[in-house]
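> So that we are looking at the same thing, I have put the structure below in structure tokens.
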Amino acid sequence: MLLEKALTFNINSSVLPTFDGEEAPSQGEKVEEEQEPELTSTPIFMVEVIKNGGKEALVLDCHYPEVAELCVLHGENEAGMVGELIAFCTSTQKDRLTAETLNSFEHEVLSKRLARSRHSASKDSGHAGARDIISIQELIEVEEEEETLLNAYSTPSKGSQKRAVTTPETPLTKRRVSARSPHQLLSPSSFSPSATPSQKYNSRNNRGEVVTSFGSAQGVSWSGRGGAGIISLKVLGCPESLTGSYKSMFQKLPDIREVLTCKVEELGSELKEHYQIEAFAPVLVPAQEPVTLLGQIGCDSNGKLNNKSVILEGDREHSSGAQVPVDLSELREYSLFPGQVVIMEGMNTTGRKLVATKLYEGVPLPFYQPTEEEGDFEQNMVLVACGPYTTSDSITYDPLLDLITIINHDQPDICILFGPFLDAKHEQVENCLLTSSFEDVFKQCLRTIVEGTRSSGSHLVFVPSLRDVQHEPVYPQPPFSYSDLPHEDRKRVQFVSDPCSLSVNGVVLGLTSTDLLFHMGAEEISSSSGTSDRFSRILKHILTQRSYYPLYPPQEDMAIDYESFCAYAQLPVTPDVFIVPSELRYFVKDVLGCVCVNPGRLTKGQVGGTYGRLYLRRQTPEAGEGRRSPCVAAQVVRI
Numbered sequence: 002m003l004l005e006k007a008l009t010f011n012i013n014s015s016v017l018p019t020f021d022g023e024e025a026p027s028q029g030e031k032v033e034e035e036q037e038p039e040l041t042s043t044p045i046f047m048v049e050v051i052k053n054g055g056k057e058a059l060v061l062d063c064h065y066p067e068v069a070e071l072c073v074l075h076g077e078n079e080a081g082m083v084g085e086l087i088a089f090c091t092s093t094q095k096d097r098l099t100a101e102t103l104n105s106f107e108h109e110v111l112s113k114r115l116a117r118s119r120h121s122a123s124k125d126s127g128h129a130g131a132r133d134i135i136s137i138q139e140l141i142e143v144e145e146e147e148e149t150l151l152n153a154y155s156t157p158s159k160g161s162q163k164r165a166v167t168t169p170e171t172p173l174t175k176r177r178v179s180a181r182s183p184h185q186l187l188s189p190s191s192f193s194p195s196a197t198p199s200q201k202y203n204s205r206n207n208r209g210e211v212v213t214s215f216g217s218a219q220g221v222s223w224s225g226r227g228g229a230g231i232i233s234l235k236v237l238g239c240p241e242s243l244t245g246s247y248k249s250m251f252q253k254l255p256d257i258r259e260v261l262t263c264k265v266e267e268l269g270s271e272l273k274e275h276y277q278i279e280a281f282a283p284v285l286v287p288a289q290e291p292v293t294l295l296g297q298i299g300c301d302s303n304g305k306l307n308n309k310s311v312i313l314e315g316d317r318e319h320s321s322g323a324q325v326p327v328d329l330s331e332l333r334e335y336s337l338f339p340g341q342v343v344i345m346e347g348m349n350t351t352g353r354k355l356v357a358t359k360l361y362e363g364v365p366l367p368f369y370q371p372t373e374e375e376g377d378f379e380q381n382m383v384l385v386a387c388g389p390y391t392t393s394d395s396i397t398y399d400p401l402l403d404l405i406t407i408i409n410h411d412q413p414d415i416c417i418l419f420g421p422f423l424d425a426k427h428e429q430v431e432n433c434l435l436t437s438s439f440e441d442v443f444k445q446c447l448r449t450i451v452e453g454t455r456s457s458g459s460h461l462v463f464v465p466s467l468r469d470v471q472h473e474p475v476y477p478q479p480p481f482s483y484s485d486l487p488h489e490d491r492k493r494v495q496f497v498s499d500p501c502s503l504s505v506n507g508v509v510l511g512l513t514s515t516d517l518l519f520h521m522g523a524e525e526i527s528s529s530s531g532t533s534d535r536f537s538r539i540l541k542h543i544l545t546q547r548s549y550y551p552l553y554p555p556q557e558d559m560a561i562d563y564e565s566f567c568a569y570a571q572l573p574v575t576p577d578v579f580i581v582p583s584e585l586r587y588f589v590k591d592v593l594g595c596v597c598v599n600p601g602r603l604t605k606g607q608v609g610g611t612y613g614r615l616y617l618r619r620q621t622p623e624a625g626e627g628r629r630s631p632c633v634a635a636q637v638v639r640i
């Protein structure tokens with residue numbers, strides 16, 4: 002069947018501006034320089050629609066003021082609006098773009114489409130409950146439908162790009178009613194045009210496998226009360242806790258030196274009293290008798306610390322910060338790392354080298370003494386998990402959705418979730434392949450967790466990470482800010498800083514998302530006559546140095562604000578349970594009476610990882626009995 006009329010589209014990108022009351026000058030003519038009439042419109046391109054056999058042409062100026070206004074009001078780009086105008090003018094047989102034509106176009110096309118969109122949105126909202134915003138996925142689907150409609154009328158251009166790539170795995174679907182389930186709240190296609198689930202993760206066959214246990218965990222039914230009992234959560238400070246953002250990125254070297262000096266003096270005073278040491282000697286003064294020196298371990302070069310490069314930087318009071326090399330050949334056992342505050346005894350006959358013969362061990366802080374008002378003696382289940390919550394080969398949050406399913410099934414009293422929630426090291430984040438901003442993806446992730454676990458009633462504690470791409474990359478790290486938290490969830494959701502000391506019904510949990518084990522393990526040197534566990538040594542250092550990050554200088558990717566570090570990154574007490582997620586192998590250990598847990602990460606590359614679960618119960622010791630750990634049982638489980 003042949004069409005009676007055919008249309009030809011000509012695009013001219015070299016249209017000259019016209020003046021009021023004049024025609025455009027022909028080629029070869031010049032406009033006199035003395036005249037300066039007022040310009041009306043300067044289009045970037047002109048579209049002509051010419052009927053075959055006719056002389057009439059439809060001229061569209063994409064910078065016509067009313068057209069630009071319509072683009073802003075209805076969220077269209079200029080090329081898309083021109084395409085719709087062409088379709089409207091040809092269907093209504095309009096040969097000229099006039100104000101009347103624009104009014105008819107707005108009333109008959111744009112206004113009706115906007116009314117349909119609002120009606121569909123209100124219909125969806127009525128089905129799913131009160132909704133503040135339409136999900137990102139729904140908005141993208143609407144735009145995809147509109148672009149599909151426009152593509153039927155408009156001609157291809159270099160500037161037009163499809164918003165999403167449709168494949169058999171991710172077909173273009175019609176907009177449908179959104180139910181309140183985590184899988185629909187956190188749709189992967191909302192964030193990436195090529196979001197396909199990880200095949201290795203979905204094909205795992207070791208789901209729910211218990212990889213390590215601690216305490217009386219055998220035969221225990223791991224289920225909580227969903228926060229139904231009395232749950233008292235309180236953040237302990239030393240002297241106060243970090244509750245908001247602070248100014249950083251400006252430090253003077255004398256201020257950093259002051260913080261480190263104060264740490265040496267405080268720990269030195271505690272050790273001097275504990276070991277009943279009479280006095281400390283200067284590090285550079287020769288002595289023919291054994292001397293006792295106080296100082297901080299350092300390295301004599303920019304390389305890695307080894308047993309030949311150890312130096313002792315003396316304290317300010319006795320040594321004025323002077324340094325002396327240390328000979329470790331006479332020490333049978335030692336464990337040292339840069340930044341460690343130590344007391345050494347040995348010979349310093351020349352004042353130029355200390356031959357160490359004894360190393361005094363650090364002393365941990367006492368445990369927290371809870372009051373009766375801080376909760377009951379009932380047993381509480383705590384679930385701990387650490388990001389990333391996506392596999393490295395996909396931006397889909399399948400591991401997080403599986404974790405939400407576990408939370409709804411087990412109903413733990415408290416869930417402690419460590420970042421990163423949107424990992425800065427993810428390939429699609431590094432290459433900026435997400436279709437939404439980092440902040441929007443993060444808020445959608447939080448919204449999914451909060452709404453997805455609402456039925457369980459579990460208390461949620463969110464700990465940030467330096468790998469959270471949308472958050473402030475400074476240590477100590479302030480809590481997340483989430484102003485869209487529903488009022489009904491504010492009592493059960495808490496945002497804390499990194500690091501943080503959290504009291505749960507009088508049981509103190511030390512929380513940090515920084516990979517302390519990896520950082521300190523790369524710098525520590527040791528010598529032992531028997532078998533020695535590296536993890537236990539590092540954890541012992543953290544507890545006896547009384548700091549969440551005793552390493553100095555820190556690892557290169559750590560941006561530490563030392564003024565805030567002194568106020569917010571010190572241990573107020575020895576925690577009952579210390580949770581230290583790490584890339585290294587998971588474990589549960591008792592170190593100096595503190596149960597230390599590395600739950601691992603929820604994902605390991607392209608495969609699933611692990612999470613932890615604990616039972617906490619304050620136990621009153623019997624007469625003549627020592628302290629009993631409140632951590633009754635603990636397990637690390639595969640997701």
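Residue numbering for the sequence shown follows the numbering used here, beginning at 2 and increasing consecutively. Backbone N, C-alpha and C fix where the C-beta goes; we use that ideal spot for every residue, glycine too.
#1: Give every residue of the same chain whose Cβ lies closer than 6 Å to the Cβ of H427, excluding the five residues on either side of it in the sequence, and list them in chain order.
#2: Please report the distance separating the alpha-carbon of P255 from that of Q380.
#3: For E617, which of S217, S528, T351 has the nearest alpha-carbon?
#4: Does the region 531 to 549 come close enough to the region 448 to 458 to have 3 or more Cβ pairs within less than 8 Å?
#5: If you draw a straight line from the C-alpha of R357 to the C-alpha of A570, how long is it?
#6: Which residues bound the beta strand (DSSP E) around Y346?
#7: In angstroms, rounded to a whole number, what distance separates the CA positions of L313 and Q297?
#8: Please state the DSSP three-state secondary structure of E373.
#9: Taking only three categories from DSSP, how would you classify N381?
#10: Suppose the cutoff is 7 Å on Cβ atoms and the five residues either side in sequence are ignored; what does the same chain contact list for R639 look like?
#11: Okay, do the region 499 to 514 and the region 469 to 479 touch, 3+ Cβ pairs below 8 Å being the bar?
#12: Would you please verify whether the beta carbon of V508 is less than 8 Å from any beta carbon of chain C?
#13: Buried or exposed for K492, going by 16 or more other Cβ atoms inside 10 Å?
#14: Indicate the three-state DSSP secondary structure (helix, strand or coil) for R639 in the structure shown.
#15: Quick check on R619: buried or exposed, where buried means 16 or more other Cβ atoms within 10 Å of its Cβ?
#16: Can you check which of these residues, P622, V68, M82, is closest to Q370 by C-alpha distance?
#17: Give me, in chain order, the residues of the same chain whose beta-carbon lies closer than 6 Å to that of S118; leave out the 5 immediate sequence neighbours on both sides.
#18: First and last residue of the alpha helix (DSSP H) that includes S548?
#19: Following the continuous beta strand (DSSP E) through R614, name the residue where it begins and the one where it ends.
#20: If you draw a straight line from the alpha carbon of T293 to that of P339, how long is it in whole angstroms?
#21: First and last residue of the alpha helix (DSSP H) that includes C90?
#22: Exposed or buried, which one is T351 when buried takes at least 16 other CB atoms within 10 Å?
#23: Would you list the residues sitting across from D424 in a DSSP beta bridge?
#24: Note down the Cα distance separating I407 from L512, rounded to an integer number of angstroms.
#25: What would DSSP say about L294, mapped onto helix, strand or coil?
#26: Taking all protein chains shown into account, decide if D316 is buried (16 or more other Cβ within 10 angstroms of its Cβ) or exposed.
#27: Which runs of the beta strand (DSSP E), 3 residues or longer, sit entirely within the region 406 to 457?
#28: Quick one, which of Y483, D414, C567 has its alpha-carbon nearest L229's?
#29: Could you have a look at V596 and say whether DSSP puts it in helix, strand or coil?
#30: Would you tell me roughly how many angstroms separate the C-alpha atoms of A69 and L103, rounded to the nearest one?
#31: How is V641 classed by DSSP in three states: helix, strand or coil?
#32: Leaving aside the five residues before and after E1 along the sequence, list all residues of the same chain whose C-beta is less than 7 Å from its C-beta, in chain order.
#33: Considering just the uninterrupted stretch of the beta strand (DSSP E) at A323, what are its terminal residues?
#34: Could you check what DSSP says for P44 in three-state terms: helix, strand or coil?
#35: How should L74 be labelled, buried or exposed, when 16 other C-beta atoms within 10 angstroms of its C-beta is the threshold for buried?
#36: Are there 16 or more other CB atoms within 10 angstroms of the CB of Q495, so buried, or fewer, so exposed?
Taking the geometry as given:
#1: Excluding positions up to five away in sequence, the list is empty.
#2: The straight-line gap separating the alpha-carbon atoms of P255 and Q380 is approximately 49 Å.
#3: It is worth fixing the name first, because residue 617 is Leu in this sequence and not Glu. For L617, the nearest C-alpha among the options comes from S217.
#4: Per the Cβ contact rule, the region 531 to 549 is not in contact with the region 448 to 458 (fewer than 3 Cβ pairs under 8 Å).
#5: Residue 357 is actually Ala in this sequence, not Arg. A357 and A570: Cα-Cα distance of roughly 31 Å.
#6: Position check: residue 346 holds Glu in this sequence, whereas Tyr was assumed. DSSP places E346 inside the beta strand (DSSP E), whose first and last residues are 342 to 349.
#7: Each residue's alpha carbon lies about 6 Å from the other.
#8: Looking at E373 - three-state DSSP - the assignment turns out to be helix.
#9: DSSP places N381 in strand when its eight states are reduced to three.
#10: Scanning its chain for C-beta atoms nearer than 7 Å, with the 5 sequence neighbours on each side dropped, one finds around R639 the residues N207, R208, G209, E210, V212, G609, T611, in chain order.
#11: Yes: the two stretches touch, three or more of their Cβ pairs being nearer than 8 Å.
#12: Of the chains in the structure shown, none is chain C; there is only one protein chain.
#13: Burial call: exposed.
#14: Collapsing the DSSP output to three states places R639 in a strand.
#15: Result: buried.
#16: Minimum Cα distance to Q370 is reached at P622.
#17: So no residue of the chain qualifies.
#18: Annotation for S548: no alpha helix (DSSP H) segment contains it, and DSSP assigns it neither H nor E.
#19: Boundaries of the beta strand (DSSP E) around R614: 611 to 617.
#20: Distance between the alpha carbons of T293 and P339: 20 Å.
#21: Counting along the chain, the alpha helix (DSSP H) containing C90 begins and ends at 79 to 92.
#22: It counts as exposed.
#23: Answer by DSSP bridge pairing, in chain order: D469.
#24: If you draw a straight line from the Cα of I407 to the Cα of L512, it is about 22 Å long.
#25: DSSP places L294 in strand when its eight states are reduced to three.
#26: When all chains shown are included, D316 counts as buried.
#27: Fully enclosed beta strand (DSSP E) runs of 3 or longer: 415 to 419.
#28: Note that residue 229 is Ala in the sequence shown, not Leu. Of Y483, D414, C567, the smallest CA-CA separation from A229 is found for D414.
#29: Correct three-state label for V596: strand.
#30: The alpha-carbon atoms of A69 and L103 are separated by roughly 12 Å.
#31: Outside the displayed span of the chain (2 to 640) sits residue 641, for which this structure offers no information.
#32: Lying before the first or after the last residue shown, residue 1 is absent from the chain, which here runs from 2 to 640.
#33: Where A323 is concerned, there is no enclosing beta strand (DSSP E), given that its DSSP letter is neither H nor E.
#34: Reliability fails at P44, whose pLDDT of 45 lies under 50, so the model's placement of it is uncertain and the value that follows must be treated cautiously. In the structure shown, P44 sits in coil (DSSP, three-state: anything other than H, G, I, E or B).
#35: Per the 10 Å Cβ criterion, exposed.
#36: Burial is judged here by how many other beta carbons sit within 10 angstroms of a residue's own beta carbon; Q495 has at least 16 and is buried.
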